[in-house]
Amino acid sequence: MIRPGPRRGYAGGAVQRSAFSDGRRPSPVRFVVLAVIAIAVIAVGVLIWFFFGRSPGECTDAYCEATASEIDIPADFDLHSRLFERNPNAEPLPDGFDLQITIPLEVPTMDGRGLSFYGYNAESQIWEPVASAALDETGERATGIFADPPRFLAVFRRLNEGRQVVAYLAPGDTLHPTAALLATVVHTLDFTPAPDGSLRGQPSPRPPTTAVHYPVISASAEIDGTVPSVDNILSTGADRTNHVQQILQRVAAHRLSGIDIAYLDLRADHRTSFTLFISELAEGLHSQGKTLTLTLPAPLKAIDRIDEGAYDWAALGESADLIKIAPVRDQSTYRLHMPEVLDHITSVVDPGKVILTITPYASEKSGDGIRPLTLAEAMTIASKLGIRSESLVAGSDVQIVGVNIDRDEGLSGLRWQAETATVAFTYKLNGGRTVWLENSFSAGFKLEFVSVFNLGGLAVEDSSDNDFLGNIWIAVEPFVASGQPVLLQPSHSHLLPQWEVTAGSLVGGDRGLVTWQTPLEAGSYTVTLTLSDGVERFESRIVLALPPAETEEPEEAP
Numbered sequence: 004m005i006r007p008g009p010r011r012g013y014a015g016g017a018v019q020r021s022a023f024s025d026g027r028r029p030s031p032v033r034f035v036v037l038a039v040i041a042i043a044v045i046a047v048g049v050l051i052w053f054f055f056g057r058s059p060g061e062c063t064d065a066y067c068e069a070t071a072s073e074i075d076i077p078a079d080f081d082l083h084s085r086l087f088e089r090n091p092n093a094e095p096l097p098d099g100f101d102l103q104i105t106i107p108l109e110v111p112t113m114d115g116r117g118l119s120f121y122g123y124n125a126e127s128q129i130w131e132p133v134a135s136a137a138l139d140e141t142g143e144r145a146t147g148i149f150a151d152p153p154r155f156l157a158v159f160r161r162l163n164e165g166r167q168v169v170a171y172l173a174p175g176d177t178l179h180p181t182a183a184l185l186a187t188v189v190h191t192l193d194f195t196p197a198p199d200g201s202l203r204g205q206p207s208p209r210p211p212t213t214a215v216h217y218p219v220i221s222a223s224a225e226i227d228g229t230v231p232s233v234d235n236i237l238s239t240g241a242d243r244t245n246h247v248q249q250i251l252q253r254v255a256a257h258r259l260s261g262i263d264i265a266y267l268d269l270r271a272d273h274r275t276s277f278t279l280f281i282s283e284l285a286e287g288l289h290s291q292g293k294t295l296t297l298t299l300p301a302p303l304k305a306i307d308r309i310d311e312g313a314y315d316w317a318a319l320g321e322s323a324d325l326i327k328i329a330p331v332r333d334q335s336t337y338r339l340h341m342p343e344v345l346d347h348i349t350s351v352v353d354p355g356k357v358i359l360t361i362t363p364y365a366s367e368k369s370g371d372g373i374r375p376l377t378l379a380e381a382m383t384i385a386s387k388l389g390i391r392s393e394s395l396v397a398g399s400d401v402q403i404v405g406v407n408i409d410r411d412e413g414l415s416g417l418r419w420q421a422e423t424a425t426v427a428f429t430y431k432l433n434g435g436r437t438v439w440l441e442n443s444f445s446a447g448f449k450l451e452f453v454s455v456f457n458l459g460g461l462a463v464e465d466s467s468d469n470d471f472l473g474n475i476w477i478a479v480e481p482f483v484a485s486g487q488p489v490l491l492q493p494s495h496s497h498l499l500p501q502w503e504v505t506a507g508s509l510v511g512g513d514r515g516l517v518t519w520q521t522p523l524e525a526g527s528y529t530v531t532l533t534l535s536d537g538v539e540r541f542e543s544r545i546v547l548a549l550p551p552a553e554t555e556e557p558e559e560a561p
């Protein structure tokens, strides 16, 4: 709870133009306004220097220092300034203008990592990041630019900033509760590029979390028409620059703190043009105090080299503030190739900028390629039931089988694969398929790479509160707290199939096939197969109707 006391001192403020909202050239009158404002900025800068060194007095500026009897500091945050409150007597902010505020820090610092302006949201009762904190040359003051100045303002440092936690979220989805607590960055998948360089989509509301919010502009082979749109955009310098301007206009219009570019599956011949596009966009965003992050596909391990394809990691690392490695779904080569891939990336990009993405989705590999599955979808495949017996009658033996885990048919059943560090199973369909499950066990072994290569943090592909996904947050939470991954594998016994029946008895079952010794009474009975990935349990049921056993009528005596 925040209880403001009497105001004393102030935080200097200056108004600046963010963008001309109507898209037209400014009139001479606007140039006069900007000239006057420029003079005001210089004057305020002098006043800030003058008043900070004097005793408290009546505050007349945009923000005034407030004494609070009680301030709830968010967990994993450190307060680096006093609390400031918006002066109710300050002049209102003109439409289309931003407010620039400079406040002193309690302890000078030149380390800007994790340092941001936070505003208190009375409705959600949490502190939210509202602007980046730019330090002056002495590290004694921080400056931020605000489109919608909050009532209460302070500078916080996120204590676990050494490891970013990036959460991707589809529009309309609810953030997982653990993600809401741990995330430092939230990416909502809001925009796609149009062929003319404009953007389709609208930004999602900011999730209720202390994380910064950078919407994503996405293009990939999985999103129809988006890769051809990027092909058009990167075809000429004029189209490329037009796309940059379209993005900058949308960022300004929506008052965004930053943006993420996730242009995947690009042709290798776009390498130079994509690099120039990112460089130009970064320059435009950084000049406005905005952040640019990238989501890129992992380079491929070739026979004698690492193939970056369309993505010049060294050049892109110079332009972007963060680069996230998109999920790698083929687990058959993940642990074999990822060390060499990360060794290459961290040799050309600051490791602190590199984020490894883990996923709650299972992966299925077949002759047709690789597709993602929810954990529930994967376990539904694994727990499919079938009947092997030709007849069902009371008082007989009936064989019931887990069709896709029957080891007597040459299938693997659910097992821990040491070579992939996942729970996996194989099944027969159109030439055979392998399914790798993602859960807290597999996530722990992937997070090990973050520690070994001293990466900047981790990202979670889908951070929604979706019960059908693997709960990898069980592994993320202790990793964020300690910096060390939890490297465990599930018990073998937990991966064995468990069988139940409402009547009669069961024989066998560990290898995926069970013999049901049916009761003598006719009726309907339920057989249940329970499977586990080592974390969650999934049930599959089949109801069987047993007719009475046929009895031979005695022959009549001659």
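Just so you know, we're using our numbering here: the sequence shown kicks off at 4 and counts up by one.
C-beta atoms are modelled at their ideal positions from N, C-alpha and C, and glycine is treated no differently.
Predicted model, so just to flag it, every value in this text is computed and none were measured.
Residue environment, residue i, which counts as buried when at least 16 other CB atoms sit within 10 Å
i, result
"GLY228", "exposed"
"HIS273", "buried"
"THR146", "buried"
"TRP52", "With a pLDDT of 29 at TRP52, under the threshold of 50, the predicted position of this residue should be treated as unreliable, though the coordinate-derived value follows. With fewer than 16 Cβ atoms within 10 Å of its Cβ, TRP52 is classed as exposed."
"GLY511", "exposed"
"THR336", "exposed"
"ASP263", "buried"
"GLY56", "Low confidence applies here, because GLY56 scores a pLDDT of 32, under 50, leaving its location unreliable; read the following figure in that light. Exposed."
"ASP75", "exposed"
"ASN3", "A question about residue 3 goes unanswered here, because the residues of the chain that appear run from 4 up to 561."
"PRO107", "buried"
"ALA183", "buried"
"HIS190", "buried"
"ARG540", "exposed"
Identity of the residues DSSP links to residue i by a beta bridge
i, result
"GLU412", "Paired residues: none, contrary to the question."
"GLN167", "GLY460"
"THR195", "ARG203"
Cα-Cα separation between residue i and residue j, rounded to whole angstroms
i, j, result
"PHE280", "VAL247", "7 angstroms"
"VAL133", "ALA197", "29 angstroms"
"SER386", "PHE444", "21 angstroms"
"ASP409", "LEU532", "13 angstroms"
"ASN474", "GLN334", "18 angstroms"
"SER394", "ALA506", "18 angstroms"
"PHE456", "VAL489", "16 angstroms"
"GLU283", "SER238", "15 angstroms"
"ILE236", "PRO206", "22 angstroms"
"CYS67", "ALA93", "10 angstroms"
"THR112", "VAL215", "22 angstroms"
Residue i in three-state terms, based on DSSP
i, result
"GLU243", "The sequence given here has Arg at residue 243, not Glu. DSSP places ARG243 in helix when its eight states are reduced to three."
"GLN103", "strand"
"LEU565", "The displayed coordinates of the chain run from 4 to 561. Any statement about residue 565 would go beyond what the structure contains."
"LYS368", "strand"
"ALA134", "strand"
"THR505", "coil"
"VAL219", "strand"
"GLY526", "strand"
"LEU547", "strand"
"ASN235", "helix"
"ARG160", "strand"
"ASP333", "coil"
"THR360", "strand"
"LEU295", "strand"
"PRO375", "strand"
"GLN520", "strand"
"ALA323", "coil"
"VAL538", "coil"
"VAL453", "helix"
"LEU118", "strand"
"GLU283", "helix"
"LEU184", "helix"
Beta carbon of residue i nearer than 8 angstroms to that of residue j
i, j, result
"LEU461", "LEU359", "yes"
"LEU325", "GLY447", "no"
"VAL254", "LYS293", "yes"
"GLY515", "VAL404", "yes"
"PRO363", "VAL426", "no"
"ALA265", "THR298", "yes"
"LEU172", "VAL483", "no"
"VAL158", "LEU102", "no"
"ASP411", "THR518", "no"
"VAL219", "ILE361", "no"
"SER366", "PRO354", "no"
"ARG154", "PHE80", "no"
"LEU549", "GLY526", "yes"
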